[in-house]
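Protein chains: 2
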Amino acid sequence: MGRVYAGASTSVDGYVSGPDFSGFEHLFRWFTSGEVEVAGLKTSQASADYYGAMLANTGAAVVGRTLYDHTNGWGGTSPVGSHTVVLTHRPLEDNEHFTFCTEGIERAVEIAREHAGDRDVAVNSGQMARQALDAGLLEEICLDLVPVLLGGGTPFFAPGKGYVLEGPLSVVEGVGVTHLRYRVRYGSPA
Amino acid sequence: MGRVYAGASTSVDGYVSGPDFSGFEHLFRWFTSGEVEVAGLKTSQASADYYGAMLANTGAAVVGRTLYDHTNGWGGTSPVGSHTVVLTHRPLEDNEHFTFCTEGIERAVEIAREHAGDRDVAVNSGQMARQALDAGLLEEICLDLVPVLLGGGTPFFAPGKGYVLEGPLSVVEGVGVTHLRYRVRYGSPA
């Protein structure tokens, strides 16, 4: 069975968005920092290899309704893997690409796991990842660490406290980004 | 001339202290994660090499009065390098190990540079580092990235915004910590 993971481009001081939703020109610069194309990015060879492998290994995703609406439902096709579960209080009709789940994060991840098979499940965005973390379902965190200090804004995964990680399991140097993977360790910290 | 740098043990979500000053058992675990002794730490070989070289290359420090008082003046001896400049509104008498500077961060760094010679100047803690950053004096940031999610507390370097960094200049894997060095780039972001 694959792993359940979440990730985000994050500043060195821990923000996924700067004050007043600023900073994205820094946080997402690595999306266009090279010549190698992968999933809509034009990035460095190292980042493309890393991100491409991650996407290839991802069979399904769990997202919130906000993200679904914001992207206009990705034009009707699952953005990652073959299926996306949308956790929502306002379900639409299920179809081959999307399942609308009203039964909470555990059930949403369970459905995604069924679709993913041996491949991984991606959880997006931060609010969903946080729910999965609190429910003990999130297994890995993929940090795309970007060399900028934003000094405020939306922190990665706040609020919450004291989740111990293991790793980094891997460190990949791109151009303008360091990709770090960590395993979440639940239970009493040593 | 050496570089002016600041650093901190920081959680993956960007906090140097958790909610209600929690989390230090995680943030500082790498201080005692091995058998190699350096400057009061017992840590991994990699961290000891990294930290030992950093200390050996540091000729002087700039600290705030709060840290000076909190450590009881380090028993009268400069904690790093041969001299420490204490930025304060309540100066004590200068001595061979300490200069008490009331003239602002620029002057404090200038005095420290004179004492450091060709070696580096360390700026501690976060509030001083932030002043040095805002004054355009901080040249490098040394991030000791610790695999824990604290979910709140005191962020690294807040408030502030939009300082672009270069690097990482180096990535060193310790046990329970990843040491990342970045250069601060001032001026208009590209």
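Top line first, the protein sequences correspond to chains A and B. Residue 1 is where the first sequence starts when you use the working numbering, and the numbers rise one by one after that. Residue 1001 is where the second sequence starts when you use the working numbering, and the numbers rise one by one after that. Don't be surprised by glycine CBs; every beta carbon is placed ideally from N, CA and C. Just so we're clear, the structure is a prediction, and the values are computed from it rather than from any experiment.
Taking Cβ positions, are residue i and residue j nearer each other than 8 Å?
i: Ser-125(A); j: His-97(A); result: no
i: Arg-3(A); j: Glu-140(A); result: yes
i: Ala-61(A); j: Val-80(A); result: yes
i: Val-146(A); j: Thr-10(A); result: yes
i: Leu-1133(B); j: Leu-1180(B); result: no
i: Tyr-15(A); j: Pro-155(A); result: yes
i: Ile-105(A); j: Leu-87(A); result: yes
i: Val-148(A); j: Val-12(A); result: yes
i: Ala-116(A); j: Gly-59(A); result: yes
i: Arg-113(A); j: Met-1(A); result: yes
i: Gly-52(A); j: Gln-45(A); result: no
i: Gly-153(A); j: Gly-23(A); result: yes
i: Asn-1057(B); j: Arg-1119(B); result: yes
i: Val-164(A); j: His-1026(B); result: yes
Find the nearest neighbour of residue i within the set the options, judged by alpha-carbon distance.
i: Val-171(A); options: Ser-47(A), Gly-34(A) and Asp-20(A); result: Ser-47(A)
i: Tyr-1182(B); options: Arg-183(A), Thr-178(A) and Val-184(A); result: Thr-178(A)
i: Val-109(A); options: Leu-138(A), Ser-82(A), Pro-91(A) and His-89(A); result: Leu-138(A)
i: Thr-102(A); options: Asp-94(A), Arg-113(A) and His-89(A); result: His-89(A)
i: Gly-162(A); options: Ser-22(A), Arg-65(A) and Gly-136(A); result: Gly-136(A)
i: Gln-127(A); options: Thr-84(A), Gly-76(A), Ile-111(A) and Val-63(A); result: Val-63(A)
i: Thr-99(A); options: Gly-23(A), Val-85(A) and Leu-55(A); result: Val-85(A)
i: Pro-19(A); options: Tyr-186(A), Val-164(A), Asp-69(A) and Leu-150(A); result: Leu-150(A)
i: Ala-1122(B); options: Val-1164(B), Met-1054(B), Ser-1044(B) and Gly-1187(B); result: Met-1054(B)
i: Asp-1049(B); options: Phe-1031(B), Thr-1066(B) and Arg-1065(B); result: Phe-1031(B)
Can you find a C-beta in chain A that's less than 8 Å from the C-beta of residue i?
i: Val-1148(B); result: yes
i: Val-1004(B); result: no
i: Tyr-1050(B); result: no
i: Tyr-1182(B); result: yes
i: Leu-1143(B); result: yes
i: Val-1012(B); result: yes
i: Thr-1043(B); result: no
Counting only beta-carbon atoms, is residue i nearer than 8 Å to chain B?
i: Tyr-186(A); result: no
i: Trp-30(A); result: no
Exercise. Which residues, in order along the stretch 151 to 179 of chain A, keep a beta-carbon less than 8 Å from a beta-carbon of chain B?
Worked result: Answer in chain order: Gly-151, Gly-152, Pro-155, Phe-156, Phe-157, Ala-158, Pro-159, Gly-160, Lys-161, Gly-162, Tyr-163, Val-164, Leu-165, Glu-166, Gly-167, Pro-168, Val-171, Glu-173 and Thr-178.
Problem set entry | chain A contacts made by the stretch 1109 to 1141 of chain B, where a contact means CB separation under 8 Å | The residues in question are Leu-1133 and Ile-1141.
Exercise. When Cβ atoms are compared, which residues of the stretch 1014 to 1026 of chain B fall closer than 8 Å to chain A?
Worked result: Among the residues of the stretch 1014 to 1026 of chain B, those with a Cβ less than 8 Å away from any Cβ of chain A are Gly-1014, Tyr-1015, Gly-1018, Pro-1019, Ser-1022, Gly-1023, Glu-1025 and His-1026, in the order of the chain.
Problem set entry | beta strand (DSSP E) segments (min. 3 residues) lying fully within the stretch 88 to 151 of chain A | If we require 3 residues or more, the beta strand (DSSP E) runs fully inside the stretch 88 to 151 of chain A come out as 98 to 101, 120 to 123 and 140 to 146.
For this session: Note down, in chain order, all residues in the stretch 1052 to 1063 of chain B with a beta-carbon under 7 Å from any beta-carbon belonging to chain A.
Result: Taking 7 Å as the upper bound on Cβ-Cβ separation, chain A lies near no residue of the stretch 1052 to 1063 of chain B.
Exercise. Could you give the uninterrupted runs of the alpha helix (DSSP H) lying entirely in the stretch 30 to 75 of chain A, keeping only those of 4 residues or more?
Worked result: Complete alpha helix (DSSP H) runs here, min 4: 45 to 56 and 65 to 70.
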